[in-house]
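Here the working numbering is used: the sequence shown runs in plain steps of one and ends on residue 360. Report on the following structure.
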Amino acid sequence: MKPQLQVGLIGYGFAGRTFHAPVITSVPGLRLRKVVERRSEHSKERYPWVEVVKSAEALYADPEIDLIIVTTPSTHHVEFVRNALNAGKHVVVEKPFTATTAEADELIQLAKEKNKMLSVFHNRRWDGDFMTIKELLQKNLLGRIKECEFQWNRFNPIVSGNNWREQAGTGTGVFYDLGVHFLDQAVCLFGTPDTITAKIESQRENSVAHDYFDVTLGYEGNLQVRLKSSPFVRIESPRYILHGENGSFIKFGVDPQERALINGQSPATSNHWGKEAEELWGDIYTSLGQLTVKGKIETLPGAYQAYYQNVYEHIMEGAELEVKPEEARMNIQLIERALQSNQEGRTLFVHDKNALKGRV
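This is how it looks when you write it as structure tokens:
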């Protein structure tokens, strides 16, 4: 058997219950040992071996806990991550990393001082559709990309008021919640943009947090990457649109992993984990030399478990960390610049444009 990393989970709400616990328990070498639940013991229904504790301090004080997962609302991330690092634990924190770059800088510096791993759960890098797009660009099947559009639309016209994401304050709203995924994907594909132009609004009646965004990232070579989300889209719209000098790729549908996790499945219990139905495969129209190619591209299987597998291999075997805190910090900087662009009604330069390079 592999050496075990003992894991403590702070929070068993939607994120902890759906995205973290089932994925953690599917990775050999990670053992979910303690879960912080202040008012219930729901985690024991699915993971009867775990110990439920009522406070995060019980994880900090346990010398056998190696890795702490923080799944609290983003407005509380700083406190929990800071305390976990100070307790000498490795830390994974749910996205968005923090509400501000100043908070991100503090936590990155603290992790370095404590010589502990700090990573942010940007699981959407392991969405099958995004992995497929990454492969398309690596193989240069579309030529030089000139225009992209990423859309995360939904039909949710009524504010519930019960979700922390819909509350007022820094770190809430759809741009922090969903937009940060698109920013992370865009930076992974193309590097840090040169400019940013944003329209970020609260469009629904009685909304106190932003629920709509239309953000354009500008790059050298006239590449424009547009990121959009609206709560008033009732018909299906493309998730990804890419146009290059040689051709185009259009992809509908969403990665099946989230729905599978909500339905109680996990990578450990499915033989076809992350595999998308053929009718959702993306459409490609491109040229290869003198040949014209038009058809479907099979979507690569998604693999959220790969994130936690990498975390294990980084801590135990010294593998390179896939999601570095500095990358997550860049996403927060881009959010701040987008909010400033929206407020000032103008395009802004991204001053740290060379801080991170695209991976494709």
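Backbone N, C-alpha and C define an ideal beta-carbon position, used for all residues, glycine too.
Beta-bridge pairing by DSSP links Asp-283 to Ile-250, Lys-296. Between the C-alpha atoms of Thr-269 and Thr-25 there is a straight-line separation of about 11 Å. The straight-line gap separating the alpha-carbon atoms of Thr-98 and Gly-253 is approximately 29 Å. About 6 Å separates the Cβ atoms of Gly-244 and Arg-144, confirming a contact at the 8 Å cut-off. The alpha-carbon separation between Ser-248 and Leu-142 amounts to approximately 6 Å.
CA-CA distance, Phe-80 to Gly-345, rounds to 35 Å. Following the DSSP letters along the chain, one finds Glu-79 inside the alpha helix (DSSP H) bounded by residues 77-86.
In terms of Cα proximity to Ile-69, the closest of Tyr-312, Glu-317, Ala-338, Leu-339 is Tyr-312. For Asp-129, the closest C-alpha among the options Tyr-308, Leu-67, Ala-277 is that of Ala-277. In the three-state reduction of the DSSP assignment, Thr-132 falls in the helix class. Rounded to whole angstroms, Glu-106 and Lys-139 show a C-alpha spacing of 39 Å.
In the three-state reduction of the DSSP assignment, Val-23 falls in the helix class.
Using a 10 angstroms sphere on the CB of Gln-290, the tally of other CB atoms stays under 16, which defines it as exposed. The shortest C-alpha to C-alpha distance from Phe-150 to any of Leu-348, Pro-73, Glu-327, Ser-237 is the one to Ser-237. Given a length threshold of 4 residues, each whole run of the alpha helix (DSSP H) inside the segment 159-246 is given here in chain order: 180-190. By alpha-carbon distance to Tyr-308, the top candidate from Thr-299, Ile-297, Tyr-60, Leu-321 is Leu-321.
For Val-120, same chain residues with a beta-carbon under 6 Å away, outside a window of 5 residues either side, are Val-93, Lys-95, Phe-97, Val-323, Ala-328 in chain order. The beta-bridge partner set that DSSP reports for His-90 consists of Leu-67. In this structure, DSSP gives Ser-341 a helical state, which the three-state scheme calls helix. Assignment of Leu-110 by DSSP, reduced to helix, strand and coil, places it in the helix class.
Using a Cβ distance threshold of 8 Å, Val-91 and Leu-85 count as a contacting pair. The beta-carbon distance between Thr-347 and Thr-197, rounded to whole angstroms, is 4 Å. This is short enough to meet the 8 Å contact definition. Setting aside the 5 residues that flank it on each side, Ala-104 is surrounded in the same chain by Phe-97, Thr-98, Arg-329, Ile-332, each with a C-beta closer than 6 Å to its C-beta; the list follows chain order.
In chain order, Ile-196, Thr-197, Ala-198, Thr-347, Leu-348 place their CB closer than 7 Å to the CB of Ser-341, counting only its own chain and leaving out the 5 sequence neighbours on each side. DSSP places Gly-274 in the coil class of the three-state scheme, outside both helix and strand. Measuring C-alpha to C-alpha distances from Pro-256 to each of Thr-299, Trp-49, Lys-146 identifies Thr-299 as the nearest.
Leu-178 and Phe-19 do not touch by the CB rule: their CB atoms are close to 14 Å apart, not below 8 Å. Counting only the Cα atoms, Asn-206 lies some 43 Å from Val-27.
With contacts defined by Cβ atoms closer than 8 Å, Arg-31 and Gln-4 form a contacting pair. In the structure shown, the three-state DSSP call for Phe-97 is coil. The segment 108-124 makes no contact with the segment 46-59, as fewer than three CB pairs between them are under 8 Å.
Straight-line measurement puts the Cα of Met-316 at about 25 Å from the Cα of Asp-127. DSSP places Glu-317 in the uninterrupted alpha helix (DSSP H) bounded by 305-317.
When only Cα atoms are considered, Pro-267 and Pro-301 end up about 11 Å apart.
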